[in-house]
Amino acid sequence: MSLLRLASTIRKRVLHVETDSKLKEKVTLENEAKSAVVASYVEEEPSIKQWLLGMRPTKDGTRNYIGSIFPFTTWLPRYNLTWLLGDAIAGLTVGFVVVPQAMAYAILAELGPEYGLYTSFTGAALYWLFGTSKDIVIGTTAVGSLLIGGVIVSIEKEHPGLYSAEEIAKCLTLLSGLILIFLGLFRLGWIIELIPYIPISAFVTSASITIIGTQLPKALGIDGIDTRQAPFRVYVDVFKNLSDTQLDAAIGLSSILLLWVIRQVCAKLEVRQPAKKRLWATISSLRLTFAILLYTFISWLVHRTIPHEKQYWKFKLVGKIESGFKHAGVPSLKPDLVKLVLPELPAIIIILVIEHIAIAKSFGRRYGYTVIPSQEILAQGVSNALGTFLGGYACTGSFGASAVLTKAGVRTPLAGLFSAMILILALYALTAVFYYIPMAALAGLIIHAVINLMTSPSDLYKYWQLSPLELLIWIVGVAVGIFVSLETSIYTTIALSFAVLLVRMARPHGEFLGQIKVKRVVREEMTEKSEAISSNDSDTACSSTEAQDTVRDVYLPMDKKDSSNPKLEVAMPYPGVFLYRFDEALNYVNAARHIDHMLSYITAHTRRTTSNDNVPTKDRLWSDPIARTSKSSATRTHLPLLRAVILDCSALNHLDITAIQALVDVRNTLDRYVAPSVVEWHFAGLYNKWTRKSLAVVGFGRPALSPGGDGPGNWCPAYSVASSLAGATEKDRRLAGARKKEVDEMDEESRTNEKQSCSVETTRNGVANGRVIRQEIDSQHVVVDDARESKSREPVYGVDRPFFHIDLSDAVDTAVRDARRADLLLERGNRVVDDETSSERST
């Protein structure tokens, strides 16, 4: 079938140009496209109306959204006895671990031990309704409790006696819970991704150091130390008052040593006895419970005959704990109190959310299930908001308790209900036993727990290898946390991380690319093995051989500052054709730097089309580097003329107005530079339809008219065409397969002869006024008979924007062909002018 027959399928509008002033360009380009493509396809312009309609909720979408709020509906109908047994064992195990931990952390929050039990009970009882992780345990944590305690102490110091610690904690927790519910319901969990990992790591480390400082006086029995001052001052005061230690130090230090020994012994036994690994892991997990029971028993032996009054205690005890939910009630939301706690909300919400999501994602990756951040935030928000009505305070995912739950063999999120049973038992039946728990033992438990949260030296070395600058941010965050405050630490590190990000975006390193030919080489022994393996599959063997023999174009930076072999010579694909790759998103922050780099490089490696642009010197700008004339301009005659600029847009997804205007400005500047010619602008890998539309609005994507207005100049159109047998019968498919086999069997010379043809008619002055009849089709297309051929080949993208290419190779091929054609026309035009001059002289 001839190319004109193939092009006869285009009968309607090909290019979408709305203004009457571009009607002539539209008709010209349409005629060019008709002779070059197989079938007509014009991109549908996106509109604001379509975008708004796409945001409209549908019945299926609403049903899926409601179902996603309660994920338990997907797995609860499949619940079975095996799952029940696993959840019961894991939940009961975690319950025994959580009880002492919750009581210790509540004291860290400047509240009574029972408040920790209220908090952990709410998280355990409610998480399974909304959570998407089977391994997470919502309850009290050291960092969250420390933040709550800091707010309580700060408000009580500024307004003594005005609000109780319970009122402050409940108000702060309820507000944070409502905000988390809002974020979860509106699926805003992606916001958490804006917080990088390094600020959180620095905060957790500095918080661990701070927590240890607050618990050291209790573990040593030293009174009179203000643990709410800057952490370094707390440590200084502790060392100054070491002589004031009391009997509590024996309990505190021995508890820390006991917990460490149990953990180390169990860890070694897990390695030596793999068959009993789960047993030793369970014993290690229960070490906190064992230590508390041991020291509670010792305390009871010491105080069983002593009156229940503080002055008779041998060492500090937890004291009386009210049984049941005696502190349940509606939280106070007094306007003045809300104003006091609002400034503290951002830091607390950030820490609660990040700590929870990090733990949930970690277990999700380990065990192969997906955690939905927005849903986890919703579960966390519900637990915090409803927990305040039972007397709880801020809760989040607990890493220690979650690790215990995982090792105990949890199967579903329903395990939390069994943990809640243990907490109920503790609140109603064991409060009398809790009276004898030594405060020093709880302090030792907290110190032992938070030491594991600190960043290890091996992790710091890894930070140094990955990004030294981020390690510096980590050091700054820890230093600020120790010498100033934790809130200042988290804000400082986040601000520094954003500053580094902005600097990297504002100072990109866009690169001009060159072209090299590469061929894949396979080691001979590996090739022999692969041939032996695929001896029964001749098609695969042939494909492997063809892949090894294929030579393809690869584009590398011209400055050779990447990791490629410096011995390789990278050259421009064609004189005057430049490839530029954006290494960062092009936006208002870095647009000026990209444009300056492009202009300075292009003008330094090309020459002007005409040496005199007819602009008097007095009318030139003093700072115009393009228009500046000099004696050295004659030495630039060896440089090529600027023909085309190819932009690798694979890293771009969205362009703002500043970036688009910058591209327009550089296009206008280069058009003045090459006048009376025009520069072709090709875009490779640009897929976003809104971005394509924006560039098309300002004139990109299609060839510009030549100065004479006779057509698109030296344009040789090319389109990426894909094969399609959609709607074809089985007979058509068999015929297509047979024809494809025939094409594959043709020799290389026959294929080359059938590839394409460009026919050009030129006038005496070298300006093209003919039509290009060119057909470029992918070499792997499916060939069908002439009657069905036009239906089997479809353009991948719209033919109305031929300069938006599917990939870089396509863009380079088109730009190089146009540049060669332009140079050929210029050469022929100059030859005609020389002949005329010679004839005039002879006459």
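Residue numbers (the numbering used here): 596 to 1438. Just so you know, even glycine gets a beta-carbon here, dropped at the ideal spot from N, CA and C. The structure presented is a predicted model; accordingly, all values stated were derived computationally and were not measured.
Where residue 1056 is concerned, the enclosing alpha helix (DSSP H) starts and stops at 1052-1061.
In this structure, DSSP gives residue 1112 an extended state, which the three-state scheme calls strand.
Under DSSP, residue 1316 forms a beta bridge with 1390. Boundaries for residue 1246: no beta strand (DSSP E) harbours it, and the DSSP string shows neither H nor E there. Residue 788 sits in a helix when the DSSP states are folded into three classes.
In this structure residue 1284 is exposed. Its beta-carbon is surrounded by fewer than 16 other beta-carbon atoms within 10 angstroms. With distances taken between CA atoms, residue 846 lies nearest to 1040 out of 1205, 1409, 1266, 1040. Between residue 1091 and residue 1068 the beta-carbon gap is near 5 Å, inside 8 Å, which marks them as a contact.
Distance from the Cα of residue 903 is smallest, within the candidate group 914, 693, 1272, for 914. Less than 8 Å separates the beta-carbon of residue 987 from that of residue 717. The residues 1007, in chain order, have a CB closer than 8 Å to that of residue 670 in the same chain once the five nearest residues on each side in sequence are set aside.
In the same chain as residue 872, and ignoring 5 residues on each side of it, the C-beta atoms closer than 6 Å to its own belong to 865, in chain order.
Under the DSSP assignment, residue 1234 falls outside any alpha helix (DSSP H); it carries neither an H nor an E label. Beta-bridge annotation (DSSP): residue 1174 is paired with 1108, 1241.
Counting the other CB atoms within 10 Å of its CB gives residue 1166 a total below 16, which places it among the exposed residues. Under DSSP, residue 1148 shares a beta bridge with 1112.
Residue 1101 and residue 1189 have their C-alpha atoms roughly 9 Å apart.
Distance check between residue 912 and each of 895, 926, 983, 920 places 895 closest, using alpha-carbon atoms only. For residue 1095 and residue 1108, the gap between their C-alpha atoms comes out near 27 Å. Residue 756 sits in coil when the DSSP states are folded into three classes, being neither helix nor strand. The Cβ-Cβ distance between residue 909 and residue 898 falls below 8 Å.
If you draw a straight line from the Cα of residue 827 to the Cα of residue 801, it comes to about 11 Å. Looking from the CA of residue 954, the closest CA among 729, 1064, 889, 1036 belongs to 729.
If you draw a straight line from the Cα of residue 810 to the Cα of residue 833, it is about 10 Å long.
Taking all protein chains in view, the Cβ of residue 1316 is crowded by 16 or more other Cβ atoms within 10 Å, so the residue is classified as buried. In chain order, 1189, 1247, 1250, 1254 place their CB closer than 7 Å to the CB of residue 1181, counting only its own chain and leaving out the 5 sequence neighbours on each side. In this structure, residue 734 and residue 697 form a Cβ contact; the two beta carbons are roughly 6 Å apart against a cut-off of 8 Å. Around residue 1176, the same chain offers 1106, 1108, 1243 as residues with beta carbons nearer than 6 Å, after the five sequence neighbours per side are excluded.
CA-to-CA, the gap between residue 1115 and residue 1403 works out to about 19 Å. Straight through space, the alpha carbons of residue 681 and residue 675 are spaced by roughly 10 Å.
Under DSSP, residue 733 forms a beta bridge with 992. For residue 1061, same chain residues with a beta-carbon under 8 Å away, outside a window of 5 residues either side, do not exist.
Within the segment 1026-1099, not a single complete beta strand (DSSP E) segment reaches 3 residues in length. With contacts defined as CB atoms closer than 8 Å, residue 1239 and residue 1413 qualify as a contacting pair.
Distance from residue 772 to residue 976 at the Cβ level is roughly 5 Å; contact confirmed, criterion being Cβ atoms closer than 8 Å. Residue 1275 sits in a strand when the DSSP states are folded into three classes.
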